[in-house]
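What follows is one structure encoded as structure tokens, with my remarks underneath.
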Amino acid sequence: MARTRPAEARPSETNGVVRIGTRFLATGVVVLPLSLGLHLVAVRAGLDVHVSRVLSYVVGTALVTVLHRRWTFAAPGVRGATLWVALLYATTFMVVVVTHGLAISLLPAVVAAPWVVGVAWLVSQGLGTTVNFLVLRGLVFR
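With UniProt numbering applied, the sequence shown corresponds to residues 1 to 142, in that order.
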């Protein structure tokens, strides 16, 4: 009986994770200024900071979903992925909105006032992106 040594499988798996991680990061670098910019412009225009965060999340998520499916994970269509993606984004949405709300409340004690909205966005987006990557890589686009 032939056995595959774990060391033989690691290089291609590692390369795959590095490739996907690099593409995930590149996609985020493209979408980040659009989503953050939309959030900051909407707040400056008088939209409630929390409503603005929801708007920037929805727009950023719509764009990043297309990019991840086609480029990052190279998955033209994964059977059953729609349900997983819907659950993922609902969960990520809650993580982002709750984190943003907490950050908006807590950051004024440690961050200068003009920076609170942007830093709160970055903190909530960073946590949401981490959850998103781990679930996409582990459950949706295996």
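Just so it is clear, CB atoms sit at the ideal spot from N, CA and C, and this is done for glycine as well.
Alpha-carbon to alpha-carbon, residue j and residue i
{"i": "Ser105", "j": "Leu122", "result": "14 Å"}
{"i": "Ala112", "j": "Leu40", "result": "16 Å"}
{"i": "Thr99", "j": "Leu63", "result": "21 Å"}
{"i": "Gly28", "j": "Val43", "result": "22 Å"}
{"i": "Arg3", "j": "Gly118", "result": "Caution applies to Arg3, whose pLDDT of 49 falls short of 50 and renders its modelled position unreliable; the model cannot decide the point."}
{"i": "Tyr74", "j": "Val97", "result": "Looking at the sequence shown, residue 74 is not Tyr but Ala. Cα-Cα distance, rounded: 29 Å."}
{"i": "Leu136", "j": "His50", "result": "26 Å"}
{"i": "Ile20", "j": "Ala86", "result": "21 Å"}
{"i": "Thr91", "j": "Leu127", "result": "12 Å"}
{"i": "Trp71", "j": "Gly16", "result": "13 Å"}
Cβ-based burial, residue i [other Cβ within 10 Å; buried from 16]
{"i": "Thr61", "result": "buried"}
{"i": "Arg69", "result": "buried"}
{"i": "Thr22", "result": "exposed"}
{"i": "Ala120", "result": "buried"}
{"i": "Val18", "result": "exposed"}
{"i": "Thr129", "result": "buried"}
{"i": "Leu110", "result": "Just to set this straight, residue 110 is Val in the shown sequence, not Leu. Under this definition Val110 is an exposed residue."}
{"i": "Val66", "result": "exposed"}
{"i": "Val31", "result": "buried"}
Sub-7 Å separation of residue i and residue j beta-carbons
{"i": "Ala93", "j": "Phe24", "result": "Here residue 93 turns out to be Phe, not Ala, going by the sequence shown. Their beta carbons are not under 7 Å apart, which means Phe93 does not touch Phe24 by this criterion."}
{"i": "Trp84", "j": "Leu139", "result": "yes"}
- Within the chosen definition, does the stretch 48-64 reach the stretch 105-115 through at least 3 CB pairs nearer than 8 Å? Note that the stretch 48-64 does not touch the stretch 105-115; fewer than 3 beta-carbon pairs, one per stretch, sit closer than 8 Å.
- Whole beta strand (DSSP E) runs in the stretch 32-119 with 3 or more residues, listed along the chain? Within the stretch 32-119, no run of beta strand (DSSP E) reaches 3 residues while sitting entirely inside it.
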